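Below is one structure, written out as C-alpha cells, with a few remarks after it.
Chains as they are written, first to last, in my numbering: chain D, 1 to 457; chain W, 458 to 1554.
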C-alpha cells in the first residue's frame, strides 16, 4: 500500500515536472519592456535615421579654431577657470599643443562616429529586407544611410585628417572607417585617399538612391547628397567635379531667400539641416561671447543687408551672429544650403576661366543680399579678379557656418599662406600656415582604447 | 520543518456536538466567515494566563500540566491557556517554562480561574524558540546554518512609524539605512537599505523584500507594520540562496500575524499619536542679513548687477531695487537708507515658520481579531494611519484591511489558506518645487497680513518685482508671485491602491511528506495628479509670457489658453507567483533528522507606466481642457521665439518572467551536527540572450556544530559554530540584441517619432554573481547573562553589470555587460547582557556591524579626472577603492595674503586652473568611504514592575563628507542671489595678515576668481569625518498586568520619543553628518514625541 502510493506519486510528479519544463521555453521568449525595440522593419530604420541629435549635429571645433570671431580677455579668463570642456575650447581657440589636458573624450569625434554607426546599423539591417529593395521607401532609407555615413566621415576628415593633397593622400593618415555595425570589429586608421574615396563612393550610392526634390529639410535628398559631394570635391581641389555636383544639386533645388523681402531664412527651406553640437560655444547661449571679427564686420557695405540680417549688437556692445533661420533658442545653422552651392559653382567656374558663368551665380546671390536700390551688378576683368570677389563674398556669406576652417586649410594648401593670430591679455598666439596644428588631435580615450596613431602636433 | 504551539487536549476526543461555533461577520469586504470559539459545556474549564513576573509580558509556549496525569497544554502567544476536563475536579497545575522557575497552582470547582500566573525568570534564558522564515520554509533557529537575523514582535513594536522597514533601524545587525543626500554630495545608485555593504555597482541595489511566501513587488508603504509578526533578514548565502538571482543584496522576509488553531478570540487594539517639531530653519548658518545687504550694496556699486538691471525684466533683489530707485533719482539717500534699514530687520524664516512649516503629526490606529477553532483559524485586521507633514497642505493617509483564514480538512491532512489584503493610501503634496523665498530678507505677508509678492517665480528665469508691477499696462494677467497663495494653487495628489490575494493548499501525502501549492496575485495601482490652478503663478506666467498686446486696440491675446494645468501619470503592477513544492521531514529515534524541500516556481510581473501629456486650460469643474499646438511663439518679456510648454504622453509596459527550480535539504545528527545544502536555478526572459545564458544555478552549503552539546564543553552555557558558503545573484533587465528605444517625446523640431540605439549587441549578457562565505559563533556565558553572535563574512561579487569603455569610433560610448567585480568583507556582532535580574531587570543590547568593500574590476574612466571630485559619488568607481570614495585636492594652507595654496607636482602652487584641471587622480588625496563602515546601536532596557524603559543609541563611524566651502563666484554672482547668503564662511574669511593661522577661508577678492573657488571647494580642508553617535530614541512603557477576570489580556501605555540629537560628533563645526548645510535651507531630522496605547482582550 505504502509502496504503491509512493510509486504512483513519483510517476505523477515526474509527469508534472516534464510538462512544466516543456512549456517554459515559450514563456521566457517575451521581451521584458515595450520600450525595447530590435530594429528590423523599414519603419524602425526610418525612425533611427530621424534621430535629430544624430542627424543634424555638426562638430564645432573647426569653427572654434577659425578666424571669423574672437572672445574677450575676460571671457577667456572665465572659461579657463571653468575647466572641463571649456578648457578644451580655450586650448582649441589658441591652437595649444595639448588640446585635451585631462579631458578624455571629444563630442566632435563621438557624434560623427555615431552618425556612421547609425548608418551602419541601418545598412546591415537592410540586408535582411533585400526583398523590398525596389520599394521607394527602402531606397530612400538606404540612400539616407549612405548620406549620413558620408557626412560623418566628411566632418571628421575636416578636423582629424590632413587636408587632401593628391600627391600625399595615399600615404598620409586619414580616419578609421568602420563599415559594419559590429562594434567589436578591430579598427585602424586608413589613408587620406581611402577616406575621401569612401566618402565619394558613399555619396555615389546615395545620389543613385535618393530622390531629387528637396521635400524636407530634415531628411537627406539627392540635392543634399550632391551638395555634400560639391563640398567634398571643392575641398579636394577637384573643381570641375565640385562645379558639376553643385550644378546638379541646384537643378534639383535652388530656393534662395531675398533679404529685401524677409530678414529670416526659414530653416524649413534649407537643403539639409545642421547645427553645431548642443554643447558648442558657437551655438548655445554662449554665442554672445563669440564677437565677430572686427575687420570682417567692417567689410560689409551699408547697402549689404547681411550686415543687419546676419548680425546683431550683443550685450557687450559688439556685433555677434544673429539667429536668422527661425530655429528655436540660439541654435546656429551650419547645414547645407543653396547660397553655398551658388558660391561653389561660381568659384569653380571662375577657376576654370568661365568668368561669365561665375559672375552670373555671384550676382544672382548678391541680388538677394543687397538692398534692391543699392545693388550694382559685379563685373570682373579676369578670372583672378572674379575669383577674389567670389572668395570675399564666400567669407561674408558663410560666417560661422562651419566652412571657414576647411577653406583656410585648402587655401593654405594652395599656397595662400594665411597665418591665424589671437591676442589675449597682450600675448599673441599664432597658427602658422605650415603648422601641423591644422590637424586636430584625436581624443585621448580613442587613443587609449583602440591604440590608433595620434596626429602630430 | 515546522514548529507550532500545540494546543492541549484534555479529553481523548472532544465531542464535536458539544461545540457551538459562533460566526462573526467579516470586518469589510470579506466573504469568508470562520469558526471563532469553541466552548465546552458542563465540564470543568480552567483558564488562565502565564506572565513574566517583572515585565508582565505573556509567556507563550509555557507548559501547564495537571499534576500526576499526562494532561497538559501549552500557552498560546498571548500566554493564555485553557483546559477542559470533566473527570478531574480538583488538583494542582504545574506550570513550567525552561527560562523560568516552576510554579504550582491549586485548582478546584471553586477556583478554576481565570488565573494570572506570574513566573520568575531563571538567570539563563537559553532555548528561546525562535523560528525563522526564509519565505520558502520555516526553521528553528537552533538548526539553521545560515545567517538569519530575527526581529521579533516585541522589538518591531518598539517604534511607531508607518513603514515597517523603518522600524529595523538601529536594532538590526548588518543593516544600515542610507541617507541619500548629505549636503551638496549626491550618491549614484544608493539603495535605501544596505545589508552587509554593497554587492552590485549599477544594477538594482535594494534588498529583496518577501512578504510571507513571495517577493513583494508593491510599495512597502502599503504594508501596515501592525500586521507583521516578525522580520527575518537573510544575510548570507545559505540563508538567501534559496532566492537565487534576486538575493544578491540580501533578503528581508516579513512574516504576517496569523490566527492559530484552538486559540480563543483575541482582540488587539493599538493606537498612537505622534507630534514632531517644526524644522530648525536656523540650523544652516548664514551671513547675517545686515551684513549681506551691505555686500549687495558693494556689488551694486561695483556694477555687478548692471547686466541684469539693464535687461528690464530679470529678477533683482529688494535691496537692489531700492538702490536702483535711488540711482534713478526716484528716492533720495535718506529714503534709501531707511528702506535698506527696514530690509535688514526682516527675516523670511520667521514667516516660513509662521505660515508654511508646522509641526508634524501622525495618528495611527490598528485593530485585529484573531483566533481559531479545531479546524480553522482566522486573523482580521484594519489599520488607519494619518500623517501630517511639516509643510502646510501636505499630508497622507492609509487604510489597510486584511483577512486570513486557514482550514483543515480530511483529518487534518489537507490544509487550505486564503488571504486577502487591501490597502489604499492617499497623499497630497502642495507646492512641490516652489520657491518659498528669493532672498532671506523677503517677507511672505505684507503689513496688513495679506500674502505678499516676492517677485520672480520658481527658478533662475525669475522676474523683477518692479517689472511685473507695471508690465502689460494692466491688461496682462496679474504677474505677482505670492508663495503663500501658491501653496494652495499647486496640488499633487497621489493615490495608491494595493490588492493581494494569496492561497495555499498543503496535503499530507504520507507521514512526513507533504505537497503544497501556493499562488499569489498582487495588483497595485498608483496614480498621480498634479493640478496647477488657473490662479497659480505658474499658469499666469505661461499665459503672460506668450501674450501679445495690440497697442492700437488695447487687446491681449495669448498662445496659451486660460485655465489651469493638469498633469497625470499612473503606474500599475500586477504580479502572479505560483509555486509547487514537496516537503519531506522525518526524524529517526531522535538521532537523525532529515528535511528536504524541492519545488518549482513560475512568476510573471507586469508593469504599466503611463504619463499623460499636460492638459492646459484645465477646468476641474467640468474636467475640460484646451489642446495647445506645439510651436514657437514670441515671448512677451524677452521678445525671443520660444517653444510652447508642450509635453508628450509616455506609455511603457514591462513584463518580467521567471521560471525557477529549487531544492533544499538538511540533515541533523544527534542535534549536534547539522548540514544544509540548497540549490536553485533561475531562468528569466533576458531579451536576446543565448538560451543557455538565460538561466543560472545558485547553490549554497552550510554546517552547524553545537559545541555545547558535546560532553567536553560543560562550562559554557551555549556555544555553536556555523559555517556557510554559497552564491546568490542579481538580474539584468537589458537586452542582448542591438536594441533601440522609441523616444517618448517626438523630435522637438521635426515633430517626428524617432528611435535611439540604447545597446549594441552583447549576446554574452547574463546574471550578476555574488559569492559569500560566512563564519559565525553563537555563545551564551555566565549562565546566560551574556550572550551573542559574532559573524564574519567575505564576499566576492563578479560579473557585475556595468559599462566598459570602447573606442568611440565604434559609434557607441560604452558597452554594457558583465564586466566588473568587487570584494567585500565584514563583521556583524550582537551582544546581549543581562546586567541585573530580579525585581529590577536591566538588559543591554549592543550591535556592531563593520562592512567594507572595494571595487576590484572597473575599467571605465570619466571624461576627466575632475569628475572624481565633482560628479555624483559612485558615478565612476575606482579599482581598489569602495564604490563611494571621497577624494579631494591636496591643501597647503593660505599664504600670507590669504590666497589658498595647493600642490602641483609636489610644488606649492597658486595656479588654480592647473591645480583643478591637471592634478589628476594620482595627485588627489583619498580620504576614505563616504558611507559608514562601522555602525550599529546600543540599547538599554530597564524593567521594573510593569514599567519598561528603553533607550537606543546609534552610531556611525568610518566615513567622510565634504562640506561646501565659500565660493566667491557664488557670493558675487547676481544670478546666485538665493545661495549667496549661505556662504557663511565669508564671516570667517582671511582679513589681515596673520589670519592664515586661524582660518582656511580665502580672502575676499573682487571680482571672484572662478578657478580659485573651484580649487578651494574641492580641497582637502573641506572634508570632514562623519563619525557620530546619536541618541536615537527613548521608549517608556507601562504594562498594567493581566486581568483575565475582566477580559483584559494586556494593556500597555507607552511614550516614545525619537531623533533626540547627536551625543558626539567628530567634526567641530556642529554639523549633523546626515544634514550637511548646503546653499539653501537644510535641517536635520526633527525630534518627535509619541503617546500610545496597546490593548488586548
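Just so it is clear, CB atoms sit at the ideal spot from N, CA and C, and this is done for glycine as well.
Quick caveat: nothing in here was measured; it's all calculated off a predicted structure.
- Here the alpha carbons of residue 420/D and residue 164/D stand approximately 20 Å from one another.
- At a cut-off of 8 Å between beta carbons, residue 123/D makes no contact with chain W.
- Sorting 805/W, 1549/W and 983/W by C-alpha distance to the C-alpha of residue 1537/W places 805/W at the top.
- At the C-beta level, residue 28/D and residue 1142/W come within 8 Å of one another.
- Taking the Cβ atoms as the reference, residue 621/W lies roughly 4 Å from residue 682/W, within the contact range of under 8 Å.
- Residue 953/W is classed as buried because its beta carbon has at least 16 other beta carbons within 10 Å across all chains shown.
- Taking C-alpha positions only, residue 142/D is separated from residue 229/D by approximately 17 Å.
- Residue pairing by DSSP places residue 971/W opposite 965/W and 1040/W in a beta bridge.
- For residue 1153/W, the enclosing beta strand (DSSP E) begins and ends at 1152–1163.
- The C-beta distance from residue 1403/W to residue 1497/W rounds to 7 Å, short enough to fall under 8 Å.
- Positions of the alpha helix (DSSP H) runs, each at least 4 residues long and wholly inside the segment 1405–1448 of chain W, are given as 1425–1429 and 1434–1437 in order along the chain.
- In this chain, the beta strand (DSSP E) harbouring residue 852/W covers 852–866.
- By the Cβ rule, the segment 68–79 of chain D does not count as touching the segment 150–160 of chain D, because fewer than three pairs are nearer than 8 Å.
- In terms of CA proximity to residue 1040/W, 970/W leads the group 985/W, 970/W and 945/W.
- Distance between residue 739/W and residue 1423/W, taken at the CA atoms: about 19 Å.
- Residue 798/W and residue 791/W have their C-alpha atoms some 11 Å from each other.
- Put simply, the backbone Cα of residue 1027/W is about 35 Å away from that of residue 1436/W.
- In chain D, no part has a C-beta under 7 Å from the C-beta of residue 1028/W; the shortest such distance is about 14 Å.
- The C-beta of residue 963/W comes no closer than 8 Å to any C-beta of chain D.
- Against chain W, the CB of residue 116/D has a partner CB under 8 Å away; the residue lies at that interface.
- Contact of residue 1399/W with chain D is not assigned, every C-beta pair being separated by 8 Å or more.
- Residue 1175/W sits in a strand when the DSSP states are folded into three classes.
- Out of 1462/W, 767/W, 1268/W and 774/W, the CA that lies nearest to the CA of residue 316/D is found in 767/W.
- Residues of chain W whose Cβ lies closer than 9 Å to the Cβ of residue 207/D do not exist, since the nearest Cβ in that chain is about 23 Å away.
- The DSSP-derived three-state label of residue 1226/W is strand.
- Every unbroken stretch of the beta strand (DSSP E) spanning 3 or more residues and falling wholly within the segment 660–689 of chain W is given here in chain order: 665–668.
- Here the alpha carbon of residue 149/D sits roughly 6 Å from the alpha carbon of residue 115/D.
- As computed with DSSP, residue 730/W is found in a beta bridge with 820/W and 1548/W.
- By the Cβ-count criterion, residue 759/W is exposed, with fewer than 16 other Cβ atoms from all chains shown falling within 10 Å of its own Cβ.
- Only those residues of the segment 36–60 of chain D whose C-beta falls short of 7 Å from the nearest C-beta of chain W are listed: 36, 37, 38, 39, 44, 47, 48, 50, 51 and 52.
- Rounded to whole angstroms, the gap between the alpha carbons of residue 337/D and residue 1477/W is 54 Å.
- Against chain D, the CB of residue 1053/W has no partner CB under 8 Å away; the residue lies outside that interface.
- Legend: CB atoms of the segment 1195–1225 of chain W lying less than 7 Å from CB atoms of chain D belong to residues 1195, 1196, 1197, 1198, 1199, 1204, 1206, 1207, 1209, 1210, 1211, 1212, 1213, 1214 and 1217.
- Within its own chain, the residues whose Cβ lies closer than 6 Å to the Cβ of residue 1209/W, once the five positions on either side in sequence are excluded, are 1203, listed in chain order.
- Residue 1005/W sits in a strand when the DSSP states are folded into three classes.
- Exclusion of the five residues before and after residue 981/W leaves 675, 955 and 1030 as the residues of its chain whose Cβ lies within less than 6 Å of its Cβ.
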